[in-house]
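For reference, the structure is listed below as structure tokens.
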Amino acid sequence: MNYRKIKHVLSKVFMCITFLGGMVWMSSCSDIDCPVTNGVWSNYVVKGDTLHDTLTISAIRENKPDTILLNKQVNTTKFSLPMSYNGEKDKFRFVFTSKAGVTTIDTVTISKTNISHFESVDCSPTFFHTLTAISAKGTRVKKVDINNPNVDYDGTKEHIFISFTNP
Amino acid sequence: MMVRKSIYLSVLLTLNVLFLLTPTVANAQRRPSLPKVKEDSIPFFRGVAVGVDLVGPAMRWLASYGQYEGMVRVNLKDRYYPVIEVGVGQADKTDETTGTTFKTTAPYGRVGCDFNMLKDKHDAYRFLVGGRVGYTSFKYDVLSPGILDPIWGTQSTYGNLGNKGRQLWAELVGGVDAKIWGPIRMGWSVRYKLRLARKMSEIGEPWYVPGYGRSGSSQLGATFNVLFEL
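Residue numbers (numbering that gives the first Met the number 0), protein chains in the order written: chain V, 0 to 166; chain G, 0 to 229.
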């Protein structure tokens, strides 16, 4: 067998090995790029005077008891609340408790649209939201406004500005 | 006496110079004239090759995504190889943990040119380096059986069908190619893919882009081609 024939056979063998090796390599590649903090939260910033009373916030659910989202927070300047995945309106019960033990309750309602957000099949399904309206009923919430309507993974966004009356 | 000495010295120097120069002149006379650079006499158009990629179908068979791809390559003077690659990319992936499914089937195309870097460009082996520009316009489905909202306690529908996307990308290609038997050639290429532009649906980035591969700003890929030279 001369040199040229050996070279030819070797090239064929090399091609086959490369093909098989490449297949194993390509099919074994897998990675997961899910966001590390994949919570979608609406962020509230307290404007004006800091709230002196203790604040507890609950989600008002249909046909279910309320569930506490923020428990007895004091000297509140900012806080974050989760949003419902697919609800058109989220209702929150704000419970203010003074040092004297007097309790007052306000209700805040947020209207929104919901968009499924896809990152990868490996990542938990999430929803992004666009805030369309916000209102409050009661005596303690003085003013509430939408500052940034887009609620997504970005935790630095200040979505809602809220101010309270301190009796 | 001094005059005689200088005459001897002059004669010796002259003889010495003549002695040194003579063989050089003789060699110069014997040296053949420089070979003229031969002009490449082969025709500009050297043929067409059609081929298929085997990596894409094998990946589709082994994994949950892959592509079926064919190519047409023109041989110009055994040095330049303009090429067109067209195919259909496919993905159907469901994650066992999340239950989310991603589906797409769409065509794509690439155009580019390879250059044979070997000194002996007429050799049966070729070392090819080149580039491609690829484009695809596709629709993709994201499906889910639905998820339970852990706070509000409601069952939520997730996903959307017929999400539209398109992408333009560039590829740097390096590979080898060898004559196997008669008109049949085989070769592999390694590709570095770089996303240039894209437009995706509101739902988010697709898990797989036909012809480009798994989503991301850059990708590594490979092909193993079987070609038939016409």
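The C-beta atom is built at its ideal place from N, Cα and C for all residues, glycine as well.
Bear in mind that the values here come from a model prediction, so they are computed numbers and not experimental data.
- When DSSP states are grouped into helix, strand and coil, G/MET70 belongs to the strand group.
- Of the other Cβ atoms in all chains shown, fewer than 16 fall within 10 Å of the Cβ of G/GLY46; this residue is therefore exposed.
- Secondary structure remark: continuous beta strand (DSSP E) runs of at least 3 residues inside the region 202 to 228 of chain G, in chain order: 217 to 228.
- Residue contact with chain G for V/GLY86: present (Cβ-Cβ distance below 8 angstroms to some residue of chain G).
- One finds ILE150 in chain G with Cβ atoms closer than 8 angstroms to the Cβ of V/PRO81, taken in chain order.
- Proximity to V/THR103 across V/GLY38, V/ASP52, V/ILE59 peaks at V/ASP52, based on C-alpha coordinates.
- Here DSSP, grouped into helix, strand and coil, assigns G/LEU53 to coil.
- Non-local beta-carbon contacts of V/LYS46 in its own chain, meaning distances under 8 angstroms to residues more than five positions away in sequence, involve LYS142, PHE160, ILE161, SER162 in chain order.
- Annotated three-state conformation of G/TRP151 is coil, per DSSP.
- Of the residues V/VAL94, V/TYR84, V/SER119, V/PRO148, the one whose Cα lies closest to the Cα of V/GLY137 is V/VAL94.
- Considering only V/THR125, V/ILE109, V/GLY154, the residue with the shortest C-alpha distance to V/ILE133 is V/ILE109.
- Proximity to G/MET116 across G/GLY174, G/TRP187, G/LYS92, G/GLY220 peaks at G/GLY174, based on C-alpha coordinates.
- Burial state of G/ASN162 is buried, judged by a 10 Å Cβ sphere holding 16 or more other Cβ atoms.
- Looking at the DSSP output, G/CYS112 shares a beta bridge with G/PRO81, G/GLY130.
- Between G/TYR207 and G/TYR64, the CB-CB gap stays under 8 angstroms.
- Among the CB atoms of chain G, none fall inside 8 angstroms of the CB of V/ASP65.
- The way I'd put it, the region 105 to 122 of chain G does touch the region 84 to 92 of chain G; three or more beta-carbon pairs between them come closer than 8 angstroms.
- Neighbourhood of G/SER216 in chain V, by CB distance below 8 angstroms: empty, with the nearest CB roughly 11 angstroms away.
- Fewer than three beta-carbon pairs drawn from the region 209 to 224 of chain G and the region 143 to 158 of chain G are found closer than 8 angstroms, and the two stretches are therefore not classed as touching.
- With a cutoff of 8 angstroms on beta-carbon distance, V/PHE126 and V/ASN85 are scored as near each other.
- The beta carbon of V/ILE109 sits no closer than 8 angstroms to any beta carbon of chain G.
- Listed along chain V, no residue sits closer than 7 angstroms to G/ASP91 by beta-carbon distance, the nearest being about 10 angstroms off.
- Against chain G, the beta carbon of V/ILE114 has neighbours under 8 angstroms at GLU201, ILE202, listed in chain order.
- Taken in chain order, the members of the region 117 to 131 of chain V whose beta-carbon sits within less than 8 angstroms of a beta-carbon on chain G are PHE117, GLU118, SER119, VAL120, ASP121, CYS122, SER123, PRO124, PHE126.
- G/GLY164 is bridged by DSSP to G/PHE137.
- According to the DSSP assignment, V/LYS77 belongs to the beta strand (DSSP E) that extends over 77 to 81.
- If you draw a straight line from the Cα of V/PRO64 to the Cα of V/PRO34, it comes to about 32 angstroms.
- What V/ALA58 touches in chain G, judged by beta-carbon distance under 8 angstroms, is ILE150, TRP151, going in chain order.
- Taking the Cα positions, V/PHE91 is about 9 angstroms away from V/ALA135.
- Your pair G/LYS102 and G/ASP91 checks out as a contact, with CB atoms roughly 5 angstroms apart and the cut at 8 angstroms.
- Contact check for G/CYS112 against G/GLY129 passes: the beta carbons are separated by less than 8 angstroms.
- If you ignore the 5 residues before and after V/PRO148, its C-beta comes within less than 6 angstroms of the C-beta of THR129, LEU130, all in its own chain and listed in chain order.
- Residue state for V/ARG60 is assigned as coil, using DSSP reduced to three classes.
- In the three-state reduction of the DSSP assignment, G/LEU117 falls in the coil class, being assigned neither a helical nor a strand state.
- Interface with chain V (8 angstroms Cβ-Cβ cutoff): G/SER188 is excluded.
- G/MET185: member of the beta strand (DSSP E) spanning 183 to 198, first to last residue.
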